[in-house]
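To convert a position in the sequence shown, counted from 1, into this note's numbering, add 95. For reference, the structure discussed in these notes is given below.
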Amino acid sequence: MKILIVAAHPDDEVLGCGATIAKHTKTGDEVHVAIFAEGVTSRDEKRSREKRNTDLSQHFANEVKCPSAYKSEMEPCPHARSLKAVEHLARWMGASVGMEEAEAFSLGRVLG
């Protein structure tokens, strides 16, 4: 079988479907990867990674407790609305900006 992986940037193919690529190459399938942009020129190096995400490490314990107030919405892991998923998301956001935990939201402006 011939397989074409289409990715926007280098490493997207590995992060997005690396296990699938490994599975098909192991079984002898012919796998090709098409990458549409190299990614570096689209980066704005002037932006501060810390400004894009809010460090919540001091408040992390409360962050993961809050969703439990919505008992009808919460599901057991591995559901996206599980407490474990909330913890993983905060750690993933933190890892993407060099912090223990973070969230991708911040207060932009206070009125009044």
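Cβ coordinates follow ideal geometry from the N, Cα and C atoms, glycine included.
Endpoints, alpha helix (DSSP H) assigned at residue i
i, result
"V181", "L178 to S191"
Counterpart residues of residue i in DSSP-defined beta bridges
i, result
"E125", "K97"
"I130", "A102"
Where residue i falls: helix, strand or coil (DSSP)
i, result
"A175", "coil"
"A164", "helix"
"A114", "helix"
"A197", "strand"
"M169", "coil"
"E108", "helix"
Nearest residue (CA-CA) to residue i, options the options
i, options, result
"H154", "G189, E125 and P105", "G189"
"V128", "T122, V109 and K118", "V109"
"P171", "A164, K179 and Y165", "K179"
"L184", "K118, G123, K166 and P162", "P162"
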